[in-house]
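Right, one structure below, let's go through it.
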Amino acid sequence: MATIEELRERLKDIDREILRKVAQRQELAAQIGGLKQSRGQSTRDFAQEKEVVERARTGARELNLPRGLAEEIMELLIRHSLTRQEQQRVEYGGGGSGRRVLVIGGAGRMGRWFVRFLASQGFEVVIADPAGPVPGFRHHPSWEEAGLEHDVVVVAAPLRESEKILRDLAGRRPRGLVFDIGSLKSVLREPLERLVAAGVRVTSVHPMFGPDTELLLGQHVIIVDLGVAEANRQARRLFESTMALQVEMSLDEHDRLIAYVLGLSHALNIAFFTALAESGEAAGRLARMSSTTFNAQLEVAGSVARDNPHLYFEIQSLNDYGSEALAALLYALERVRSVVLARDEPGFVTLMEKGREYLSSRQG
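First residue of the sequence shown: 1036, per our numbering; consecutive thereafter.
Below you can see the structure in the form of structure tokens.
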């Protein structure tokens, strides 16, 4: 019989071969993406994806592998192929052509995302940020020093700073497209209205994804309509070469929905990990007997806990509609508490059934 060391050496060889094959597959996917681009075809081909997964299922059956494992591997490879093809499309189809962009707050996490994204489209990107430079890009400590002769100005600063920057920009009337990327728009309403009144091509954008996002497939980009159609059109064009889903809405509709999409979900997770932290139960002890649901909730709550607390406070405190979502959460928790204390099983079942019905409706 082979020794453990010998078997591990064989595993090492197989792992290397797997990675070589993955690299070859990615290269072929890139070539396919280039051909799709030259023919004007869509990046995503659902029929082909289905065929790839079906082949994996058949192969798994023939090789006596778990079907789920084969599906997970192929879906992961498809996703990475789409990421590479989308990046190619952004580079090939980008409308930068050397036009100049100023990213105010470009050293921040989402600012850096926009710096990379716009640079990949062929824009000449300049950063203005007191936090310091980003390697490979021209930098100014303040946006006032950078001048305003740019074709696009992106305001990627924290909300309170963005409010002041937008107000100052309204007084200087930049000639190019101007947009912020704030998670809330209530606090920016007055300076945005000043920009509109000053005749600036201004809109407001909310990328509904984080700074580590590579593939925009299934991700939403919100365009908040301020009544300047040309600005909306130019902002939408920046994302046309991606697979992002673009949604246009008013400022009030945006913040009302964000109170639930971000405000409610953040508050729920903050309440969850606060209750655990103050329970007196050791985290390690809970982990030894955790359930599938508990683990899933811990994963989401952990992501929230690791994020920027100052940004999360702004999302909770600066939204004109924020108290509505928090009140709904308090009311819901009290209803759950009351039916449990009353040992009201029919009432508890009703809550579960109403939730199931509501959540299933989003599929329609």
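All residues carry an ideal CB built from backbone N, CA and C; glycine is no exception.
Rounded to the nearest angstrom, what separates residue i and residue j at their Cα positions?
i	j	result
Leu1299	Leu1292	10 Å
Leu1445	Val1237	Examination of residue 1445 is not possible in this model, given that the chain is present from 1036 through 1399 alone.
Glu1121	Glu1388	40 Å
Leu1321	Lys1047	36 Å
Arg1071	Glu1084	The sequence given here has Lys at residue 1071, not Arg. Approximately 15 Å, taken between the alpha carbons.
Leu1252	Gln1076	16 Å
Thr1078	Arg1271	18 Å
Leu1201	Arg1397	36 Å
Lys1056	Asn1330	34 Å
Val1213	Met1324	52 Å
Glu1316	Leu1297	28 Å
Val1375	Leu1346	35 Å
Leu1353	Glu1369	25 Å
Pro1381	Ser1373	12 Å
Ser1197	Arg1173	21 Å
Tell me, please, which residues DSSP counts as bridged to residue i.
i	result
His1241	Ile1257
Leu1280	His1255
Glu1313	DSSP lists no partner for Glu1313.
Glu1159	Arg1135
Cβ of residue i within 8 Å of Cβ of residue j?
i	j	result
His1301	His1241	no
Leu1227	Ser1239	yes
Val1222	Leu1183	no
Gln1281	Val1263	no
Gln1156	Val1125	yes
Gly1140	Ala1192	yes
Gly1143	His1185	no
Gln1061	Arg1102	no
Ala1082	Arg1092	no
Figure out for me which residue from the options has the closest Cα to the Cα of residue i.
i	options	result
Pro1209	Ala1192, Asp1164, Gln1059, Arg1229	Arg1229
Gly1133	Glu1106, Ile1216, Glu1159, Thr1093	Glu1159
Arg1341	Met1109, Ile1305, Leu1364, Val1371	Ile1305
Val1189	Ala1232, Val1136, Ser1177, Asp1355	Val1136
Ala1065	Leu1112, Glu1044, Ala1105	Leu1112
Ala1279	Ala1154, Val1138, Asp1247, Met1243	Met1243
Thr1309	Leu1333, Gly1319, Ser1326	Leu1333
Next on the checklist: My parser needs the alpha helix (DSSP H) runs of 4 or more residues fully inside the segment 1062–1143; what are they?
Outcome noted: Runs found: 1081–1098, 1102–1128.
Checklist entry - Which residue spans inside the segment 1161–1223 form an unbroken alpha helix (DSSP H) run of at least 4? => result As far as the segment 1161–1223 is concerned, its whole alpha helix (DSSP H) runs of at least 4 residues are 1178–1181, 1194–1207.
Checklist entry - Which whole runs of the alpha helix (DSSP H) in the segment 1336–1384 are 4 residues long or more, in chain order? => result Scanning the segment 1336–1384 for uninterrupted alpha helix (DSSP H) segments of 4 residues or longer gives 1344–1352, 1357–1376, listed from N- to C-terminal end.
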